[in-house]
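*Asks:*
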Amino acid sequence: MIILDLVSQGLFSSDMNVLHDGLLLAKLQFSTWQEKSSITGSGRFYTVRKDGMLSDHFMLQEQGQILCDATMKSLWGRTVELDHDDVHYLLKWSGWGRRVNIFREELEFGSVYGKGFFDRDARAELSEELALPLETFMLWLAVLGWNRDAAAAG
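Numbered according to the numbering used here, the sequence shown spans residues 2 to 155.
1) For the beta strand (DSSP E) containing L55, name the first residue and the last one.
2) On the premise that L29 lies in contact with M17, defined as a C-beta separation below 8 Å, what is that separation, rounded to the nearest angstrom?
3) Nearest to I67 by CA position, among T48, T80 and V81, is which residue?
4) Just to check my reading of the structure: A123 and L7 have Cβ atoms closer than 8 Å, yes? What is that Cβ distance to the nearest angstrom?
5) According to DSSP, which residues form a beta bridge with D70?
6) Run through the DSSP bridge pairs and tell me what G115 is partnered with.
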């Protein structure tokens, strides 16, 4: 199991730094208007694109090549289905809190959860076998869901 910390890049920013043992592993960047964004890590640049304005289908791309795609399956993004290399993953929000459980082929695989009630920072516990692009895409999707929840609440 690998433990990652998600640290907000600023008081009013949705962007997050992903740290492993205090070292910067990746940056999750969010676009305010279009829910398209970028992920940088290990010297590589990935884009996250939404498949149409009203769609809840997202694609992780590197230099125009689709690496992974995900679909939010409910109105507020409480469940996300993700397929990568013929493996099915599911991100499922636990109640109305900031906890997302991650399943691989229906077996629990990890989780992402908020560190505190008023703190925007979070922690992820994931299996070590995930590749960095997939790992950070899952984290990006979890934070996107939290951002949507916050926007709906107020």
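Ideal Cβ positions, reconstructed from N, Cα and C, are used throughout, including at glycine.
*Replies:* According to the data block:
1) Run containing L55: none; DSSP gives neither H nor E here.
2) 4 Å
3) T48
4) 4 Å
5) M60 and D84
6) A123
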